[in-house]
Structures are given as structure tokens and as C-alpha cells.
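**Student:** Take a look at the following structure, please.
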């Protein structure tokens with residue numbers, strides 16, 4: 010009897026997935042179109058910069074004359090529509106990359122305005138921390154502008170802020186992805202609208218975008234629609250699942266020079282920086298990135314459609330432009346949330362046997378449960394999920410190097426939830 014029930018349950022799961030796939034043909038075709046566009050853009054960046062086998066070689070000591078490092082940075086810049094780029098294994102995470110950029114660009118007495126509300130949990134210590142060398146302790150004022158009731162930028166309030174801040178305002182800070190918020194990620198068009206709005210109101214400072222999770226999801230990047238600087242992690246989208254570590258920063262050359270001075274030292278900038286292991290995986294990762302991102306986006310769409318069929322609210326909503334690889338799924342209870350996260354771990358190629366438990370983690374205000382059975386530790390371009398243990402109980406799912414892996418994980422999820 011139990012075996013018959015299991016067979017019937019599996020047949021129901023397969024039927025739900027098949028119906029979802031049939032309903033997503035238009036969305037999948039559009040994702041493929043974006044992938045083709047971005048793949049060509051990346052290949053053109055390789056050709057423009059004359060990428061050759063010698064650029065994969067490592068360097069030691071100071072790394073002066075490390076041609077691979079410089080060419081890799083310019084490939085990223087050209088692929089993302091920017092003037093200049095820094096790509097470095099010394100940038101240890103998305104948070105570290107953003108921190109280096111912010112400390113490089115802002116000075117004591119400067120004022121910045123985050124127009125997308127409170128930044129992601131781990132960045133709050135960088136901005137507002139006490140007794141840790143934060144921007145606040147160095148005399149940088151970081152104001153917050155909450156999103157409106159529909160989860161969009163509050164333009165009337167932004168206009169008021171721009172008028173009152175005056176010339177003290179040196180940076181507009183935009184977080185593209187949702188972080189641990191139950192809202193849609195910003196589209197590139199929406200980022201462009203913010204850029205145009207603040208310029209039209211006389212803002213002459215730096216427009217900075219936290220681009221994590223959004224790279225190559227759309228045909229354009231933030232620097233192509235008015236942003237001055239964009240930054241992110243290589244163990245997310247632009248590393249293609251191959252980059253073993255690192256971060257990137259792209260933007261206007263004058264700002265990248267300032268950031269380079271923070272990355273190393275004011276007298277050195279980006280003229281130094283060795284990496285003995287070589288750069289092949291970084292080059293190959295960004296080459297693969299458009300395809301891998303495409304797989305993750307289609308996996309996210311499939312999971313979202315199936316969860317919607319089961320009555321679970323999730324973001325991004327269908328009918329809206331997909332702008333990052335993450336999906337937020339809301340559950341009624343902590344148990345449902347933890348069961349969902351555990352099913353992702355159980356479907357992983359690495360550490361599938363691991364039991365996911367909520368715990369305290371550095372930089373997070375609430376206990377967090379994470380699933381990340383990845384080849385590169387913590388790589389959220391690989392199939393992964395995490396959630397703070399707080400209401401509303403919301404899981405944040407992202408990644409998937411292959412669509413087939415996401416589909417297999419979905420079967421595990423549905424088996425837990427049905």
C-alpha cells in the first residue's frame with residue numbers, strides 16, 4: 010500500500026512539473042534569447058582584449074606586469090559596458106568587494122543615500138557597525154530611503170532627499186537584488202530610471218550599484234544605463250561556477266583608480282597583485298557565465314511556477330522581467346521553511362548527507378539556515394538556498410549550474426511539501 014502511495018505521489022509531482030514546463034515555453038525562449046545576446050557580448054570582449062593562453066599564467070611576489078590580471082579586468086569592463094574593471098582573487102566575497110569599493114569612494118564627512126532601503130544583512134556592519142572601523146566610525150553618513158508600499162523606489166521621497174542633502178550627498182547606493190526582503194529585484198530599466206531621475210535633479214556624485222545575483226540575467230548591465238560603478242562576487246553569476254573565489258568592480262576609470270588604491274595601498278593602486286594559481290578558471294568562468302545564468306534563471310522559473318501552483322507566494326511574480334537569479338518563497342511555518350531548505354541540500358552533489366540546522370552566523374541578525382552542497386564553498390551560482398529564521402518565513406533560492414539539477418531538486422522539494 011505504501012509503495013502504491015509513493016508511486017501516485019511521484020506521478021503527481023511529475024505531472025505538476027510537466028504542466029509548469031509547458032506553460033513556461035515563452036519565458037524559456039526569452040531567457041535563451043538573452044543568453045545568446047550576452048554570450049556574444051562576452052566573446053566580443055575576449056576578442057577585443059586579445060585574450061591568449063599567456064593570460065592564464067599565474068604570478069608571484071608583487072605581481073607587477075601581471076598581464077592576465079589587467080586583461081581580465083578589462084574583459085569584465087567591456088562585457089558589462091564599463092570603462093574600467095578590477096577583478097581580484099583578493100576580494101573574498103560580495104560583502105568584501107562592496108566594502109572595498111565603498112571605502113575607496115567615500116571620505117570622512119561624505120553622505121550617501123541608499124534608495125532601496127536597508128542594505129543586505131552582512132553589509133550593515135560595514136556601514137553602521139560600532140567599534141569595527143565601519144563607514145559610520147570614519148564619519149560617513151549613510152541615509153536610508155525606504156521603498157514604497159509596492160516595493161519600488163519612492164521617487165517623491167527621493168526628490169525631497171536630493172533637495173535637502175545638497176552638495177554633501179556624494180553617492181546614490183542601489184541594491185539590485187532583494188536581499189532578505191520579500192520584494193522583486195530591480196530591473197536594469199528601473200536602475201536606469203533611478204539614474205536619470207537623480208541626474209535630472211542635479212545630482213553630480215557617484216551612482217553605485219550592488220550588482221550581486223544580477224549579472225547577465227538581462228541584456229544590459231547597470232553601467233550601460235547610467236550607473237558609475239557596479240560590483241559583485243565571482244562565486245555568483247559572473248564566475249560561471251568555475252571561479253574559485255574573488256570579486257569584480259567595474260565602472261568609470263577615475264572611480265576605479267580610487268578603489269584600486271583602497272584594494273592595495275594609495276601608492277600602489279592596481280599595479281600590484283599576484284595570484285600564483287593562474288587565471289584560467291576566472292576567464293573560463295566569465296565565458297561560461299551567460300549559459301550558466303540562463304540555466305539558473307530557467308530553474309528559478311520552473312520552481313516558481315510549481316510553488317505558485319501549490320499556493321505558495323513567491324517573487325519575482327510572473328509577468329515581470331526577471332532581473333536576478335534569486336527567488337523568494339514564503340511559507341506558513343518554520344518547519345515548512347526548514348523542510349524546503351533541507352530538500353535543496355539533499356539534492357546536492359556535495360554533502361547531500363548533511364543535515365541543515367538553523368544557527369548563528371557572522372554578519373546576520375537572526376539565526377540562518379543554509380543549503381549549499383557546492384563544488385566551490387558557498388557559491389550561490391550553484392544550487393543553494395538560505396533563510397533567516399524569522400517571520401514572514403521566507404526561503405531565498407538561487408543558482409543551479411544546470412537546469413536538470415534544478416528540476417531534480419524541485420522533485421525533492423515537492424515530495425517534502427505535498
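Numbering (the working numbering), first residue to last: 10 to 427. Heads up, the beta-carbon is just placed ideally off N, CA and C, and yes, glycines get one too. It should be emphasised that the depicted structure is a prediction, and the values quoted were computed from it without experimental measurement.
In three-state terms, what does DSSP make of residue 338?
**Tutor:** In this structure, residue 338 counts as strand in the three-state DSSP scheme.
**Student:** Please go through the same chain and pick out, in chain order, the residues whose beta-carbon is closer than 6 angstroms to the beta-carbon of residue 446, but skip the five residues on each side of it.
**Tutor:** Given that the chain is displayed from residue 10 to residue 427, the structure contains no residue 446 and the question cannot be resolved.
**Student:** Classify residue 362 as buried or exposed, calling it buried when 16 or more other Cβ atoms lie within 10 Å of its own Cβ.
**Tutor:** Counting Cβ neighbours within 10 Å, residue 362 comes out exposed, since fewer than 16 surround it.
**Student:** How far does the beta strand (DSSP E) with residue 379 in it reach, from first residue to last?
**Tutor:** That run of the beta strand (DSSP E) goes 377-380.
**Student:** Using 8 angstroms as the Cβ pair cut-off and three pairs as the minimum, do the segment 35-42 and the segment 66-74 touch?
**Tutor:** With the cut-off at 8 angstroms, the segment 35-42 and the segment 66-74 do not touch.
**Student:** With 16 as the cutoff for other CB atoms within 10 Å, does residue 208 come out buried or exposed?
**Tutor:** Per the 10 Å Cβ criterion, exposed.
**Student:** Runs of 3 residues minimum, wholly inside the segment 222-261: which ones carry the beta strand (DSSP E) assignment?
**Tutor:** DSSP runs (the beta strand (DSSP E)) wholly in the segment 222-261: 238-242, 256-260.
**Student:** Please report the Cβ distance between residue 347 and residue 368, rounded to the nearest whole angstrom; I am assuming they are in contact, meaning their Cβ atoms lie under 8 angstroms.
**Tutor:** Contact doesn't hold; Cβ gap of about 12 angstroms is too wide.
**Student:** Mapping the DSSP letters down to three states, classify residue 363 as helix, strand or coil.
**Tutor:** Three-state result, residue 363: coil.
**Student:** Measuring alpha carbon to alpha carbon, tell me which residue in 89, 317, 18 is nearest residue 49.
**Tutor:** The shortest Cα separation from residue 49 among 89, 317, 18 belongs to 89.
**Student:** So what's residue 120 in DSSP terms, helix, strand or just coil?
**Tutor:** In this structure, residue 120 counts as strand in the three-state DSSP scheme.
**Student:** State the start and end residues of the unbroken alpha helix (DSSP H) segment that holds residue 173.
**Tutor:** Counting along the chain, the alpha helix (DSSP H) containing residue 173 begins and ends at 164-174.
**Student:** Out of curiosity, what's the CA-to-CA distance linking residue 158 and residue 279?
**Tutor:** When rounded, the distance between both Cα atoms is 43 angstroms.
**Student:** Tell me which residues share the same chain as residue 342 and place their Cβ nearer than 7 angstroms to its Cβ, disregarding the 5 neighbours each side in the sequence.
**Tutor:** The answer, listed in chain order, is 402.
**Student:** Where do the ends of the alpha helix (DSSP H) carrying residue 128 lie?
**Tutor:** Per DSSP, residue 128 belongs to no alpha helix (DSSP H) and is neither H nor E.
**Student:** Taking the beta strand (DSSP E) that residue 87 falls in, what are its first and last residues?
**Tutor:** Careful: residue 87 lies outside any beta strand (DSSP E), inside the alpha helix (DSSP H) at 76-88.
**Student:** Which same chain residues end up closer than 6 angstroms to residue 373 when comparing Cβ atoms and leaving out the 5 residues on each side of it in sequence?
**Tutor:** Closer than 6 angstroms at Cβ, skipping near neighbours: 130.
**Student:** Out of 424, 198, 108, point me to the one whose CA is closest to residue 99's CA.
**Tutor:** For residue 99, the nearest C-alpha among the options comes from 108.
**Student:** Check whether the Cβ atoms of residue 75 and residue 54 lie closer than 8 angstroms to each other.
**Tutor:** Not in contact: residue 75 and residue 54 (Cβ atoms no closer than 8 angstroms).
**Student:** Alpha carbon to alpha carbon, how far is residue 331 from residue 125? Give it in angstroms, no decimals.
**Tutor:** In a straight line, the C-alpha of residue 125 is about 18 angstroms away from that of residue 331.
**Student:** So residue 95 and residue 272 are in contact, right, with Cβ under 8 angstroms, and what is the actual spacing, rounded?
**Tutor:** Indeed, because the Cβ distance is near 7 angstroms, the residues count as touching under 8 angstroms.
**Student:** Do the CB positions of residue 225 and residue 193 come within less than 8 angstroms of each other?
**Tutor:** Against a cut-off of 8 angstroms, the Cβ pair of residue 193 and residue 225 comes out as no contact.
**Student:** Residue 256 and residue 393 - do their beta-carbons sit closer together than 8 angstroms?
**Tutor:** No, the Cβ-Cβ distance between residue 393 and residue 256 is not below 8 angstroms.
**Student:** Drop a sphere of 10 angstroms on the beta-carbon of residue 205, count the other beta-carbons inside from all chains shown, and report buried for 16 or more, exposed for fewer.
**Tutor:** The residue in question, residue 205, is exposed, as its Cβ has fewer than 16 Cβ neighbours within 10 Å.
**Student:** Is the beta carbon of residue 111 within less than 7 angstroms of some heavy atom of the ligand GDP?
**Tutor:** This structure does not include the ligand GDP; it has no bound ligands of any sort.
**Student:** Tell me whether residue 422 sits in a helix, a strand or coil according to DSSP, three-state version.
**Tutor:** Residue 422: helix per DSSP, three-state reduction.
**Student:** For residue 242, which residues in the same chain have their Cβ closer than 7 angstroms to its Cβ, ignoring the five residues on either side in sequence?
**Tutor:** 102, 103, 106, 221, 256, listed in sequence order.
**Student:** So if DSSP puts residue 295 in a beta bridge, which residue, or which two residues, is it bridged to?
**Tutor:** The partner list for residue 295 (beta bridge, DSSP) is empty, contrary to what the question assumes.
**Student:** Find the nearest neighbour of residue 399 within the set 378, 161, 232, judged by alpha-carbon distance.
**Tutor:** Checking every option, the nearest Cα to that of residue 399 belongs to 378.
**Student:** Could you give the first and the last residue of the continuous beta strand (DSSP E) run that contains residue 403?
**Tutor:** Unbroken beta strand (DSSP E) run through residue 403: 403-407.
**Student:** For residue 219, which three-state DSSP category applies?
**Tutor:** It is a strand residue.
**Student:** Run through DSSP, which three-state label would residue 153 get?
**Tutor:** The answer is strand: DSSP assigns residue 153 an E or B state.
**Student:** So, using beta-carbon positions, are residue 238 and residue 215 closer together than 8 angstroms?
**Tutor:** Yes. Within cutoff.
**Student:** If you drop the 5 nearest sequence neighbours on each side, which residues of the same chain put their C-beta closer than 7 angstroms to that of residue 299?
**Tutor:** These residues qualify, in order along the chain: 44, 47, 48, 51, 225.
**Student:** What are the start and end residues of the beta strand (DSSP E) that includes residue 94?
**Tutor:** Element bounds for residue 94: 93-97.
**Student:** Closest to residue 389 by C-alpha separation, out of 223, 32, 111, would be which residue?
**Tutor:** Nearest option by C-alpha distance: 223.
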